[in-house]
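Written out below as structure tokens is the structure these notes cover.
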Amino acid sequence: SPVEERNLEKFLKSNAPVFYMKVYEDKIISVGIFIIKSHHRIPLHDHPHMFGLIKVLDGHGHLNAYNVLFEKNANELVCTQHVSSSISCQSETAVLYPNQSNIHEIYASDDDHCAFLDILSPPYSNENDCTCFLAIPSSTTTTTDVTDDREGNYVLKRIFDDEYYTESL
Numbered sequence: 337s338p339v340e341e342r343n344l345e346k347f348l349k350s351n352a353p354v355f356y357m358k359v360y361e362d363k364i365i366s367v368g369i370f371i372i373k374s375h376h377r378i379p380l381h382d383h384p385h386m387f388g389l390i391k392v393l394d395g396h397g398h399l400n401a402y403n404v405l406f407e408k409n410a411n412e413l414v415c416t417q418h419v420s421s422s423i424s425c426q427s428e429t430a431v432l433y434p435n436q437s438n439i440h441e442i443y444a445s446d447d448d449h450c451a452f453l454d455i456l457s458p459p460y461s462n463e464n465d466c467t468c469f470l471a472i473p474s475s476t477t478t479t480t481d482v483t484d485d486r487e488g489n490y491v492l493k494r495i496f497d498d499e500y501y502t503e504s505l
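Heads up: the sequence shown runs through residues 337 to 505, numbered per the working numbering.
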């Protein structure tokens with residue numbers, strides 16, 4: 337169809353690392369499709385007070401998801417890595433809960449894109465905007481708190497990722 341051809345042309349010519357197509361949204365749920373170009377990612381971010389489903393439709397990627405142990409201060413969380421796995425259309429649907437695997441990032445593989453269905457409930461609003469993070473293994477941070485320094489823990493620092501942007505289809 338002409339719309340599909342126009343979207344494909346836009347995708348191929350654009351420098352945007354990620355594309356988003358809204359499928360449906362109301363006050364209860366939002367449904368969309370993300371397409372991450374090869375060598376790119378959706379940065380580490382959260383979905384405050386939200387449930388999410390991620391189902392890969394095409395391509396390959398990698399999902400890292402974290403569970404919060406505690407808030408260290410206003411700009412840092414101490415977390416454990418809950419999931420680190422390759423994802424494809426053969427993979428099971430990834431489920432994000434308000435208190436489990438909620439902070440996550442998705443990478444497209446080096447030689448392939450990653451297109452996935454993204455379902456959130458409730459949808460984003462003015463009250464629950466997302467925050468981006470940088471994950472640092474706690475063993476490499478300078479800390480005086482013994483609980484931070486357990487093997488496998490990460491300190492997630494709140495950041496503004498000014499390199500990330502999404503283009504709508």
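Note that beta-carbon positions come from the ideal geometry of N, C-alpha and C, so glycine has one too. Quick caveat, the model's predicted, so the values are computed rather than measured.
A contact between stretches requires three or more CB pairs, one per stretch, nearer than 8 Å, and the segment 453 to 465 fails this requirement with the segment 404 to 417. If you check the CB distance, A352 and E499 do not come in under 8 Å.
Residue state for L470 is assigned as strand, using DSSP reduced to three classes. Excluding sequence positions up to five before and after F387, its CB lies within less than 8 Å of the CB of V431, L432, Y433, P434, L456, S457, all in the same chain and listed in chain order. Going by DSSP, S427 is part of no beta strand (DSSP E) at all; its letter is neither H nor E. Take F406, set aside five residues on each side of it, and the residues of its chain with a beta-carbon closer than 6 Å to its own are V414, in chain order. DSSP, read as helix, strand or coil, puts S437 in coil. Between the C-alpha atoms of P379 and D497 there is a straight-line separation of about 8 Å. Per DSSP, S374 has no beta-bridge partner at all. Under the three-state reduction of DSSP output, N343 falls in the helix class.
In chain order, L456, P459 place their CB closer than 6 Å to the CB of S366, counting only its own chain and leaving out the 5 sequence neighbours on each side. Only residues of its own chain outside the window of five on either side were considered, and among them S420, E441 have a CB closer than 6 Å to the CB of N400, listed in chain order.
The DSSP-derived three-state label of L413 is strand. DSSP lists F370, V392 as the beta-bridge partner residues of F452.
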